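2 protein chains.
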Amino acid sequence: MDRDIPSAALLVVGTEVLTAKVQDENGPYAARALRDAGLWLATVCTLPDQVDAIVEAVDRERRRRTWVFTSGGIGPTHDDVTVAAVARALGRPLRRHPELEAILREGHERWTGSREVPEPVLRMADVPEGTRLAGGGFPCLQVENVVMLPGVPQFFRAQLERFLPALAEPPFRLAILFLGLGEDRIAEALEEVARAYPDVDIGSYPRFDEADHRVKVTLECKDVARVGAAREALLARLPPGAVLRSEGP
Amino acid sequence: MDRDIPSAALLVVGTEVLTAKVQDENGPYAARALRDAGLWLATVCTLPDQVDAIVEAVDRERRRRTWVFTSGGIGPTHDDVTVAAVARALGRPLRRHPELEAILREGHERWTGSREVPEPVLRMADVPEGTRLAGGGFPCLQVENVVMLPGVPQFFRAQLERFLPALAEPPFRLAILFLGLGEDRIAEALEEVARAYPDVDIGSYPRFDEADHRVKVTLECKDVARVGAAREALLARLPPGAVLRSEGP
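Read top to bottom, the protein sequences are chains H and P. Here the numbering used here is used: the first residue of the first sequence is 12, the next is one more, and so on. Here the numbering used here is used: the first residue of the second sequence is 12, the next is one more, and so on.
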């Protein structure tokens with residue numbers, strides 16, 4: 012893996028996911044969206060709605076990733092602790108953000124018809140000092156390299172889609188080989204090629220069901236010529252007829 | 012949350028998940044299975060097939076959780092690095108496990124008809140010194156409080172189902188209220204009850220779609236009387252008619 016590729020971590024804040032009340036949709040969606048944007052998603056961690064757990068993970072990941080995205084925990088109730096945790100992880104005080112407060116007041120009036128905004132809603136405007144509002148509608152909250160997104164899937168997707176285009180990087184290039192042999196027969200060849208092409212990510216995924224193949228091998232990196240060269244090197248080491256079909260560049 | 016409840020971490024080892032080639036099924040399955048077994052799943056982290064990343068996560072989680080489960084990375088190819096990483100995290104050398112070697116030899120012969128076992132397959136028997144084989148078939152590999160499970164979903168499920176019954180703990184008890192009000196209207200009541208019942212996990216999940224309710228509130232702990240008391244305390248603070256329906260004890 013090329014260490015120069017911008018990396019990302021996703022922190023899914025959700026006791027409801029860990030306690031099996033809800034199945035997370037944002038992790039799989041972000042994996043696809045970040046991949047398409049040419050970013051290397053280095054980890055996804057699901058965390059409980061607990062300040063200490065979130066502070067520790069944000070602090071760990073922000074130092075080593077280009078971007079840290081959080082999902083969830085930005086609403087008005089007692090279990091919404093992501094924003095306070097990010098503030099603490101970054102060592103920044105919470106400050107009421109006037110522009111965000113105006114957005115919340117306007118949204119509350121449109122949604123409820125009332126101009127009287129409960130204090131828990133206004134507290135959603137208390138964000139880490141220096142927070143930038145990115146995107147329209149209810150905005151992404153960005154401070155340093157941390158981007159806080161909502162947990163509700165339709166809002167998570169909308170905000171990520173507004174945020175990613177500005178980051179667009181060269182795409183990954185992927186070749187796939189579907190093999191009729193088991194992993195035991197190809198392990199040595201794969202190991203040799205992986206050693207010779209350390210910049211190409213080579214994955215081996217066995218199947219034990221009724222699929223038409225036994226193993227799917229993937230070869231991936233941003234340089235299409237290197238993907239092709241690694242594939243040729245692997246083909247030269249496999250027994251004749253091992254490849255049932257292939258995809259990619 | 013009661014800190015005496017046995018806790019677990021799940022580490023999903025899978026570059027294929029992070030690169031959006033495969034959607035993880037083992038995390039959601041384990042969340043349900045561990046919950047049903049009365050364990051508190053404290054985190055799920057998806058990691059790349061990289062020794063350093065796995066060593067760090069195993070080392071971090073094993074010190075603070077009752078159990079650490081890993082998923083994936085235990086096969087014969089170059090990208091199967093979980094077992095070596097666990098050995099390093101625990102400071103234990105890799106040793107060939109005679110009983111595991113016999114299981115692998117027998118399985119290979121049954122699967123391929125050949126008694127000649129490739130070296131990469133035999134290397135699957137090189138496990139951290141002191142590893143215990145739990146369960147039948149291809150076994151769970153357990154060393155200290157770390158349990159290594161396969162990534163292929165049908166094998167992951169089968170092995171987890173063999174492992175969990177011995178741990179069975181008292182179940183969690185869950186009450187659910189479906190409300191016709193938005194979170195802005197209930198946030199203060201929730202906060203008061205959450206403060207008064209710190210041993211009861213209280214979650215608030217808003218809906219912004221065509222569902223018949225605006226917010227689902229969950230109240231959960233192992234003591235059914237505390238769940239009931241927290242629910243009564245919340246009902247006493249909500250406006251009349253707020254609850255559309257309810258579930259649970």
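C-beta atoms are modelled at their ideal positions from N, C-alpha and C, and glycine is treated no differently. Since the structure is predicted, the reported quantities are computational estimates derived from the model, not experimental observations.
- Val-28 (chain H) and Pro-104 (chain P) have their C-alpha atoms spaced approximately 36 Å apart.
- At a C-beta separation below 9 Å, Gly-141 (chain H) has no neighbours in chain P, since its nearest C-beta there lies roughly 26 Å away.
- A Cβ-Cβ contact shorter than 7 Å links Pro-87 (chain H) with Glu-194 (chain P).
- Interface annotation for the stretch 88-106 of chain P against chain H: Thr-88, His-89, Asp-90, Asp-91, criterion Cβ-Cβ distance under 9 Å.
- The Cβ-Cβ distance between Cys-151 (chain P) and Val-157 (chain P) does not fall below 7 Å.
- As the crow flies, the alpha-carbon of Ala-244 (chain P) is around 35 Å from that of Trp-78 (chain P).
- Looking at H:Val-128, H:Gly-49, H:Ser-215, H:Arg-43, the one whose alpha-carbon comes closest to that of Pro-181 (chain H) is H:Gly-49.
- Scanning chain H for C-beta atoms nearer than 8 Å to the C-beta of Ala-198 (chain P) yields Pro-87, Thr-88, His-89, Pro-129, Pro-131, Val-132, reported in chain order.
- For Asp-212 (chain P), the three-state secondary structure derived from DSSP is strand.
- Against Leu-58 (chain P), the close residues of chain H are Thr-54, in the order they occur along the chain (beta-carbon pairs closer than 8 Å).
- With its beta carbon at least 7 Å from every one in chain H, Arg-76 (chain P) lies outside the interface.
- Runs of the alpha helix (DSSP H) lying entirely within the stretch 68-156 of chain H, each at least 4 residues long, are 93-101, 109-123, 130-133 in chain order.
- At a Cβ-Cβ threshold of 7 Å, Val-228 (chain P) and Leu-188 (chain P) count as neighbours.
- Arg-73 (chain H) sits buried, since 16 or more C-beta atoms from the chains shown fall within 10 Å of its C-beta.
- In summary, the residues of the stretch 25-38 of chain H whose CB is separated from some CB of chain P by less than 8 Å are Thr-26, Glu-27, Val-28, Leu-29, Thr-30, Ala-31, Lys-32, Val-33, Gln-34, Asp-35, Gly-38, in the order they occur in the chain.
- The residue from P:Ala-241, P:Leu-111, P:Glu-202, P:Arg-225 with its alpha-carbon nearest to that of Val-211 (chain P) is P:Ala-241.
- By alpha-carbon distance to Ala-41 (chain H), the top candidate from H:Glu-110, H:Ala-198, H:Phe-167 is H:Phe-167.
- The alpha-carbon separation between Val-62 (chain H) and Glu-130 (chain H) amounts to approximately 21 Å.
- Interface criterion met: the Cβ of Ala-42 (chain P) is under 7 Å from a Cβ in chain H.
- For Arg-121 (chain P), no chain H residue has a C-beta closer than 9 Å to its own C-beta; the minimum C-beta separation is roughly 13 Å.
- In terms of CA proximity to Arg-256 (chain H), H:Leu-192 leads the group H:Ala-98, H:Arg-75, H:Leu-192.
- Each of H:Leu-52, H:Phe-183, H:Ala-44, H:Glu-36 was checked against the Cα of Gly-25 (chain P), and the nearest Cα belongs to H:Leu-52.
- In the three-state reduction of the DSSP assignment, Val-158 (chain P) falls in the strand class.
- For Gly-214 (chain H), at least one C-beta of chain P is nearer than 7 Å to its own C-beta.
- Close to Arg-46 (chain P), with beta-carbon spacing below 8 Å, are these residues of chain H in chain order: Thr-30, Ala-31.
- Residue pairing by DSSP places Glu-258 (chain P) opposite P:Ile-187 in a beta bridge.
- A distance of 7 Å or more separates the beta carbons of Met-135 (chain H) and Leu-160 (chain H).
- DSSP, reduced to helix, strand and coil, places Val-204 (chain H) within a helical segment of the structure shown.
- DSSP lists P:Leu-185, P:Asp-212 as the bridge partner or partners of Glu-231 (chain P).
- When Cβ-Cβ separations below 7 Å define contact, Glu-172 (chain P) makes no contact with chain H.
- When H:Ala-207, H:Tyr-216, H:Glu-140 are compared, the shortest CA-CA separation from Arg-248 (chain H) is found for H:Ala-207.
- Put simply, the CB of Glu-180 (chain H) is far from chain P, with every gap to its CB atoms at 7 Å or more.
- Interface flag for Leu-50 (chain P) against chain H is unset, since no Cβ pair is found closer than 7 Å.
- A residue is called buried when at least 16 other Cβ atoms come within 10 angstroms of its Cβ; Ser-125 (chain P) does not meet this threshold and is exposed.
- Taking a beta-carbon distance threshold of 7 Å, Glu-202 (chain H) counts as an interface residue toward chain P.
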